[in-house]
Ligand code: MAN
């Protein structure tokens, strides 16, 4: 198998110079590499010639690319055409066996080998070009998808602004209804406070006058009683202290009259029931009652009608709300039906409608803002190099590898399906992706698959190299239930540029590196 020697070490610097690999202090012109003169002590400047001695045999492969073969494979009777197409690795043995029955030949095949090599290079380049073309298409599709998201963002952002504008209007209308209804309620309260029937006002005035007279009369009686008490005491004293021997008939007559008065007065007092007469305090209470008297909002019969109406409107409210929302009737349908909402404890239907409208508008704005955020995140997130994986989202790759069909979906899941019984095992859900610049490979990691029987949770790592199609080439399970999947995809390709394609300068054997 041919292998391209680490060519990255055989590149001129910007001045066209090159340094010996094991001796960086020795600077040569790049033209001295493979010029058949050994300049570096480690022989690194002559990888393609035999100029520097060592354990390697160098074949010139005229017409093709020079090769380098381990000395152990020189003159061993096997023509190593893959490295030395000129057959020179066996020249010594051929020469020594010439004329014997072991004589053999390693004809120079460089012309044919080079032709095939060039064809292969062309084919590889053609495939690389094709794969890069597909990569370009994927990137184009991803760009278009992103642009479509941008459009969606703009449309949604405009719609959010528009809905917000409408929401502000609806909020303003709600505020207006709220303040109107609260004003109405206050006005109603105040109107009620003033509403005092005339008969109550008149009764109050009359009773106030009666109360005043009552109070005055009560005061007078109290005063007179005190006077009588005082005079009674004088006469009582006189009755006790006068001298009956003086025989003054006027005094005697006065004492007799007083005693009669006393008797009559006691009898009169005994028959009187003062409890039947309301005192000044209770009259005053009645007055206070009259002063605080408030007329009922409506006579009993009207109130009943109003409450029945209110019940009917309440019962029909969902229908009325619907009709009002659809413009069939006006929002203030309660007043249309003669229902007074000003002393409602709960919100009026109109207020409810407005609150409902605002709530709906708020929900609509929040829902759209949520959607906008999701689309924005989808737009802003970079999906792989050049956003290429965006276009592959939800596409799947499946290949039969004998015992199992392995399958993975970009941004989806990875599965292992038995070809015997069709049972499907979850190998994990897409978790992350990364691109290795040096290896030019794209890796997708799938985590949290089905748990392995008495083992770990399955996971899969898929490494893709550049290819014309997406395909799984090989699956290994180095640790139980940990899957390494190797494959190809245009998504792992790079831009195709003729000038970046390097052709090998030296052929050597694979197992030597
Ligand atoms: C199944 C497959 C295998 C896995 C074993 C573990 O047979 O998923 O890949 O190694 O289970 O028990």
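In my numbering, the protein residues as written are 363 to 875.
Just so it is clear, CB atoms sit at the ideal spot from N, CA and C, and this is done for glycine as well.
Bear in mind that the values here come from a model prediction, so they are computed numbers and not experimental data.
Legend entry - C-beta atoms of residue 442 and residue 431 nearer than 8 Å: Along the chain shown, read from residue 1 onward, the residue named residue 442 stands at position 80. Along the chain shown, read from residue 1 onward, the residue named residue 431 stands at position 69. Judged by beta-carbon spacing, residue 431 lies within the 8 Å limit of residue 442, meaning their Cβ atoms are closer than that value.
Inset, instruction - May I ask whether a heavy atom of the ligand MN can be found less than 7 Å away from the beta carbon of residue 380? - result: Absence of the ligand MN from the depicted structure is noted, with the ligand MAN being the only ligands included.
Legend entry - residue 674 classed as buried or exposed, judged by whether at least 16 other C-beta atoms fall within 10 angstroms: Your numbering for residue 674 matches position 312 in the chain shown. Per the 10 Å Cβ criterion, exposed.
Inset, instruction - Can you tell me which of the three DSSP states residue 699 falls into? - result: Working through the chain shown from its first residue, we reach residue 699 at position 337. Coil, per DSSP.
Inset, instruction - Could you tell me if the beta carbon of residue 836 falls within a distance shorter than 7 Å of some heavy atom in the ligand MAN? - result: Translated into positions along the chain shown, residue 836 becomes position 474. Checking the Cβ of residue 836 against the ligand MAN gives no.
Legend entry - Stretch pair the region 479-486 + the region 683-692: three plus CB contacts closer than 8 Å: no
Inset, instruction - Assuming residue 833 and residue 756 form a contact by the criterion Cβ under 8 Å, report the distance between their Cβ atoms to the nearest whole angstrom. - result: The residue given as residue 833 occupies position 471 in the chain shown. The residue given as residue 756 occupies position 394 in the chain shown. In fact, because the Cβ distance is near 18 Å, the residues do not count as touching under 8 Å.
Legend entry - Below 6 Å from a heavy atom of the ligand MAN - residues by beta-carbon: 778, 787, 814, 815, 839, 842 and 843
Legend entry - Distance between residue 406 and residue 499 (C-alpha atoms, nearest Å): Counting from 1 along the chain shown, the entry for residue 499 is found at position 137. Counting from 1 along the chain shown, the entry for residue 406 is found at position 44. If you take the alpha carbons of residue 499 and residue 406, they lie about 43 Å apart.
Legend entry - Inter-residue CB distance, residue 932 and residue 494 (contact presumed, cutoff 8 Å): Since the first residue of the chain shown is 363 and the last is 875, residue 932 is not available in this structure.
Inset, instruction - For residue 720, collect the residues of the same chain with a Cβ closer than 6 Å to its Cβ; drop the 5 residues on either side in sequence, then sort them by chain order. - result: To locate residue 720, count along the chain shown from 1; it is residue 358. Hits under 6 Å: 532, 533 and 536.
Inset, instruction - State the Cα-Cα distance for the pair residue 586 and residue 563, rounded to the nearest angstrom. - result: Start at 1 with the first residue of the chain shown, and residue 586 comes out as number 224. Start at 1 with the first residue of the chain shown, and residue 563 comes out as number 201. Roughly 35 Å separates the two Cα atoms.
Legend entry - Spatially closest choice to residue 425 from 456, 751, 821 and 470, by CA coordinates: Walking along the chain shown from the start, residue 425 turns up at place 63. Minimum Cα distance to residue 425 is reached at 470.
Legend entry - residue 875 (DSSP reduced to helix, strand or coil): Within the chain shown, the letter at position 513 stands for residue 875. Its pLDDT being 33, under 50, residue 875 is placed unreliably in this model, and the value from its coordinates should be taken loosely. Reduced to three states, the DSSP call for residue 875 is coil.
Inset, instruction - Over the uninterrupted alpha helix (DSSP H) stretch that includes residue 726, give me the two end residues. - result: Translated into positions along the chain shown, residue 726 becomes position 364. Residue 726 -> alpha helix (DSSP H) spans 711-742.
Inset, instruction - Given a cut-off of 8 Å, decide if residue 765 and residue 758 are closer than it, judged by their beta-carbon atoms. - result: Counting from one through the chain shown, the residue named residue 758 turns up at place 396. Counting from one through the chain shown, the residue named residue 765 turns up at place 403. No. Outside cutoff.
Legend entry - Beta bridge counterpart(s) of residue 841 as assigned by DSSP: In the chain shown, residue 841 corresponds to position 479, counting from 1. Looking at the DSSP assignment, residue 841 forms a beta bridge with 844.
Legend entry - 8 Å Cβ cutoff met for residue 450 and residue 422: As a position in the chain shown, residue 450 is number 88, starting the count at 1. As a position in the chain shown, residue 422 is number 60, starting the count at 1. Cβ distance < 8 Å, so residue 450 and residue 422 count as in contact.
Inset, instruction - Go ahead and pull the three-state DSSP assignment for residue 800. - result: Numbered from 1 along the chain shown, position 438 holds the residue referred to as residue 800. In this structure, residue 800 counts as coil in the three-state DSSP scheme.
Legend entry - Residue from 717, 838 and 427 whose Cα sits closest to the Cα of residue 479: What you label residue 479 is simply residue 117 of the chain shown in a count that begins at 1. Here the closest residue by C-alpha is 427.
Inset, instruction - Classify residue 364 as helix, strand or coil using the three-state DSSP reduction. - result: As a first step, residue 364 must be located in the chain shown, where it is residue number 2. Unreliable positioning characterises residue 364 in this predicted model, as indicated by a pLDDT of 36, which lies under 50. The coordinate reading is nonetheless provided below. DSSP places residue 364 in strand when its eight states are reduced to three.
Inset, instruction - Could you check the C-alpha separation between residue 809 and residue 828 for me, to the nearest Å? - result: Locating residue 809 in the chain shown gives position 447, where the first residue counts as 1. Locating residue 828 in the chain shown gives position 466, where the first residue counts as 1. Each residue's CA atom was taken as its position, placing residue 809 and residue 828 some 24 Å apart.
Inset, instruction - Determine the extent of the beta strand (DSSP E) in which residue 684 is found, giving its start and end residues. - result: Within the chain shown, the letter at position 322 stands for residue 684. Not the beta strand (DSSP E): residue 684 falls in the alpha helix (DSSP H), residues 679-687.
Legend entry - Within 8 Å, strictly: CB atoms of residue 508 and residue 749: Sequence index remark: in the chain shown, residue 508 carries index 146 (1-based). Sequence index remark: in the chain shown, residue 749 carries index 387 (1-based). Yes, the pair counts as a contact, with Cβ atoms nearer than the cut-off.
Inset, instruction - Have a look at residue 826 and residue 725 and give me their C-alpha separation to the nearest angstrom. - result: For the purposes of this step, residue 826 is taken as residue 464 along the chain shown, with counting starting at 1. For the purposes of this step, residue 725 is taken as residue 363 along the chain shown, with counting starting at 1. Cα-Cα distance, rounded: 45 Å.
Inset, instruction - Find the nearest neighbour of residue 512 within the set 739, 778 and 855, judged by alpha-carbon distance. - result: What you label residue 512 is simply residue 150 of the chain shown in a count that begins at 1. Nearest C-alpha to residue 512: 739.
Inset, instruction - Quick one: residues in its chain with C-beta nearer than 7 Å to the C-beta of residue 713, no 5 flanking neighbours on either side, listed in chain order? - result: Counted from its first residue, the chain shown places residue 713 at position 351. The residues are 539, 540 and 543.
Legend entry - Three-way DSSP call (helix, strand, coil) for residue 433 in this model: Numbered from 1 along the chain shown, position 71 holds the residue referred to as residue 433. Helix.
Inset, instruction - For my contact list, residue 502 and residue 852 are in at a C-beta cut-off of 8 Å; report their separation, rounded to the angstrom. - result: Along the chain shown, read from residue 1 onward, the residue named residue 502 stands at position 140. Along the chain shown, read from residue 1 onward, the residue named residue 852 stands at position 490. With 8 Å as the limit, residue 502 and residue 852 do not qualify as a contact, their Cβ atoms being about 12 Å apart.
Legend entry - First and last residue of the uninterrupted beta strand (DSSP E) at residue 759: As a working note, residue 759 is residue 397 in the chain shown. It spans 758-762 - the beta strand (DSSP E) in which residue 759 sits, taken as one unbroken run.
Legend entry - Buried/exposed call for residue 908, threshold 16 Cβ in 10 Å: Since the displayed the chain opens at 363 and closes at 875, residue 908 lies outside it and no answer follows.
Inset, instruction - Would you check if the distance between the CB atom of residue 683 and the CB atom of residue 723 is smaller than 8 Å? - result: Taking the first residue of the chain shown as 1, we reach residue 683 at position 321. Taking the first residue of the chain shown as 1, we reach residue 723 at position 361. No; because the gap between Cβ atoms is not below 8 Å, this pair is not in contact.
Legend entry - N- and C-terminal bounds of the beta strand (DSSP E) containing residue 775: Against the chain shown, residue 775 aligns to sequence position 413. Where residue 775 is concerned, the enclosing beta strand (DSSP E) stretches over 775-780.
Legend entry - CB-CB length for residue 795 against residue 751, believed under 8 Å: Translated into positions along the chain shown, residue 795 becomes position 433. Translated into positions along the chain shown, residue 751 becomes position 389. Rounded, the Cβ-Cβ distance is 6 Å, consistent with contact.
Inset, instruction - Evaluate residue 575 with the Cβ neighbour count: other Cβ atoms within 10 Å of its Cβ, from every protein chain shown; 16 or more gives buried, anything less gives exposed. - result: Residue 575 sits at position 213 when you count from the first residue of the chain shown. Burial is judged here by how many other beta carbons sit within 10 angstroms of a residue's own beta carbon; residue 575 has fewer than 16 and is exposed.
Inset, instruction - Return the residue from the list 403, 491, 605 and 526 that minimises the CA-CA distance to residue 855. - result: In the chain shown, the residue the question calls residue 855 occupies position 493. When only C-alpha atoms are compared, the closest one is 491.
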